[in-house]
Amino acid sequence: MAELPCPCGLPAPYRDCCGPIHRGAARAETAERLMRSRFSAFAVQNAGYLRRSWHPSTRPPVVDFDPALRWSRLEVLATSRGGPAHLEGTVEFRAHYTRGGRPGRLHEVSRFVKHDRAWVYLDGEAG
């Protein structure tokens with residue numbers, strides 16, 4: 133039985149890549165890694181992880197998923213700061229999806245901060 137590749141785009145199966153982060157068995161050590169784990173959470177529709185990885189000041193009360201939307205591929209275009217020793221960072225990315233069979237993409241620069249010693253998503257600017 134073939135292992136499912138991780139939706140985040142790194143060359144590892146989901147169970148070894150973003151799966152442990154989603155389950156709480158591992159932490160995202162960088163802002164980029166958190167971005168990748170959040171993309172995977174959207175792809176596998178893990179609302180609990182998305183809420184846990186969102187800063188409390190900007191976290192929505194509920195994360196809903198559009199049943200016609202499927203996230204398919206992530207491209208990380210640029211990062212700024214966001215390393216293990218930093219307290220903030222940004223990740224510019226392009227996320228590809230299909231909605232009702234039609235392709236689309238989201239381009240965003242996301243801001244991440246450390247909260248309780250863990251990286252969390254603060255907000256983003258779509259472009």
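Under our numbering, the first residue of the sequence shown carries the number 133, and numbering increases by one thereafter. Here a beta-carbon is modelled for each residue, glycine too, at the ideal position from N, C-alpha and C.
Could you check the C-alpha separation between L136 and I153 for me, to the nearest Å? 16 Å
Going by C-alpha distance, which of D248, G215, R183 is nearest V223? G215
Taking three-plus beta-carbon pairs below 8 Å as touching, is the region 157–172 in contact with the region 188–197? no
Which of helix, strand or coil DSSP assigns to S189: coil
Run of the alpha helix (DSSP H) containing H154, from where it starts to where it stops: 151–155
Mind checking who S212 pairs with in its DSSP beta bridge? T222
Just to confirm my understanding: we take D198, look at its own chain, exclude 5 residues before and 5 after, and list those with CB closer than 8 Å. What are they? R231
Under the three-state DSSP convention, the category R168 falls into: helix
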